[in-house]
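So for the sequence shown, this note's numbering puts the first residue at 878; every next one is plus one.
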Amino acid sequence: MKSVKADLHLHTNYSDGKLTPAQLIDLSKKYGISVISITDHDNVNALEEAIEYGNQNGIQVIPGVEISADLDEQEVHILGYFIDYKDKRLLEFLTASRNLRINRNEKIVRKLNEMGSTINFNDIKVKAGEMTSIGRPHIAMELNEEGFVKSYYDAFIKYIGDGKPAFVKKPNPKSSEVIKIISEMGGLSFIAHPGRLIRDELLISLIQEGLDGIEIIHPSHSKSDIEYFSKMAAEHFLLTSGGSDYHGGVKNDGRNFGNYCISMDEIINMKRRLFI
Ligand code: AMP
Ligand code: FE
Ligand code: FE
Ligand code: ZN
878 MKSVKADLHL HTNYSDGKLT PAQLIDLSKK YGISVISITD HDNVNALEEA IEYGNQNGIQ
938 VIPGVEISAD LDEQEVHILG YFIDYKDKRL LEFLTASRNL RINRNEKIVR KLNEMGSTIN
998 FNDIKVKAGE MTSIGRPHIA MELNEEGFVK SYYDAFIKYI GDGKPAFVKK PNPKSSEVIK
1058 IISEMGGLSF IAHPGRLIRD ELLISLIQEG LDGIEIIHPS HSKSDIEYFS KMAAEHFLLT
1118 SGGSDYHGGV KNDGRNFGNY CISMDEIINM KRRLFI
């Protein structure tokens, strides 16, 4: 029997991805991926359309989201799966996060304008659309188009990467709050790409806050990261997940698509934990 391939970490143009939900599903089909989750940053607006289009095309779409959270002053990304994405409280929570992003993006653009760039946040908003979660990647693309930087990545290296001259910290909800709301929405919370986490104590704190699982398979993880986090998951009775974190476009991550998958076993374990 052909084994099922699942990619549970994908972005669309409702956050900083290039493809529409339908284009992403067409691509998944082409690569033989039959279960996906769309995990836009602080946004679930792609999900209804994605689930419907997935149903028509034989691709199962698990409702997902990637929420930015703060733990001890450090930003962590928490993935939520099987969430009730139509719940009013969740939608209000995510709208509040996106509004904080807007305020912060305006501050970043102001700093860039002081440094000689002529980009305008309104242009970025119009291009991205009302329903999209806007972040630094959108600003990097605009700087690149303007010719103020040599490339998308150059924008982060010179100006808007963490700690760089035009960087402004985004205020995020606390990780405990994010884990709690995902659970209240009937979902499961996973720490995204923990290989980028600096301190081990952070992972332990998240587990104490009620984290359900760890994203093990991710392009940023080395073989030893995968072994280490698999061991941590087993020791703490946590679920495991994974995906390509594919964004497409200028991020140049096309080679990752189709190469960071998990099997049906992980998804069955998730459903067992939720009794679904
Ligand atoms: P934001 O949520 O607005 O703070 O944007 C964070 C996103 O920007 C991350 O998910 C990455 O995609 C991207 N990013 C952050 N730092 C860098 C960097 N140094 N180089 C490239 N991309 C980055
Ligand atoms: Fe992203
Ligand atoms: Fe992330
Ligand atoms: Zn992501």
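No residue lacks a Cβ here, since even glycine has one placed at the ideal position from N, Cα and C.
Q: Over the uninterrupted alpha helix (DSSP H) stretch that includes G931, give me the two end residues.
A: L924 to N934
Q. Is any heavy atom of ligand 1 found at a distance shorter than 7 angstroms from the C-beta of G1012?
A. For ligand 1, at least one heavy atom lies less than 7 angstroms from the Cβ of G1012.
Q | Entirely enclosed alpha helix (DSSP H) segments - the stretch 976-1029, minimum 4 residues | A | 998-1005 and 1013-1023
Q.
Considering Cα atoms alone, identify which of M1109, G941, I939 and K907 is closest to I1084.
A. For the residues M1109, G941, I939 and K907, the minimum Cα distance to I1084 belongs to M1109.
Q.
Distance check for E1112 and V986, CA to CA, integer angstroms please.
A. 45 angstroms
Q.
According to DSSP, is D1089 part of a helix, a strand, or is it coil?
A. coil
Q. Beta carbon of I955, beta carbon of I936: below 8 angstroms?
A. Contact flag unset, no.
Q. What is the rounded straight-line gap between the Cα of K907 and the Cα of D961?
A. 28 angstroms
Q. Using DSSP with H/G/I as helix, E/B as strand and the rest coil, what is K965?
A. helix
Q: Please indicate yes or no: does the CB of H1070 lie closer than 7 angstroms to some heavy atom of ligand 2?
A: no
**Q.** F863, buried or exposed, once every other Cβ within 10 Å from all chains shown has been counted against 16
**A.** The shown model of the chain, from 878 to 1153, leaves out residue 863, and the question about it has no answer.
Q) DSSP puts L905 in a beta bridge; with which residues? A) Inspection of the sequence shows that residue 905 is occupied by Ser rather than by Leu. Per DSSP, none; premise fails for S905.
Q.
Measuring only from the beta carbon, is E1154 closer than 7 angstroms to any heavy atom that is part of ligand 3?
A. The shown model of the chain, from 878 to 1153, leaves out residue 1154, and the question about it has no answer.
Q: Could you tell me if the beta carbon of D1039 falls within a distance shorter than 7 angstroms of some heavy atom in ligand 1?
A: yes
Q: Output the distance between the C-alpha atoms of K1100 and R1073, rounded to the nearest integer angstrom.
A: 14 angstroms
Q) Run through DSSP, which three-state label would K1041 get? A) K1041: coil per DSSP, three-state reduction.
Q: Return the CA-CA distance between I996 and E1022, expressed in angstroms with no decimal places.
A: For I996 and E1022, the gap between their C-alpha atoms comes out near 10 angstroms.
Q. Got a sec, what are the start and stop residues for the alpha helix (DSSP H) S1101 sits in?
A. K1100 to E1112
Q. Are the CB atoms of L885 and I939 nearer to each other than 8 angstroms?
A. yes
Q. Under 8 angstroms, do N920 and L971 count as touching if we go by C-beta distance?
A. yes
Q) Do you know how far the Cα of I928 is from the Cα of L1065? A) Taking the CA atoms as reference points, L1065 sits about 18 angstroms from I928.
Q. Can you name the residues that DSSP bridges to Y958?
A. Looking at the DSSP assignment, Y958 forms a beta bridge with G941 and L1065.
Q: Kindly confirm or deny that the stretch 1043-1058 and the stretch 964-983 touch, where touching means at least three C-beta pairs closer than 8 angstroms.
A: yes
Q: Report all residues from its chain with a CB closer than 8 angstroms to the CB of K1051; omit the five preceding and five following residues, and keep chain order.
A: A946, D947 and L948
Q: Identify every residue that forms a DSSP beta bridge with Y1123.
A: Partner(s): L887.
Q) Can you list, in chain order, the residues of its chain whose CB lies under 8 angstroms from that of D1031, leaving out five sequence neighbours each side? A) N1021
Q: Pick helix, strand or coil for K1051, following the three-state DSSP scheme.
A: When DSSP states are grouped into helix, strand and coil, K1051 belongs to the strand group.
Q: Classify T897 as helix, strand or coil using the three-state DSSP reduction.
A: coil
Q | Inter-residue Cα distance where the pair is R1149 and D1089 | A | 12 angstroms
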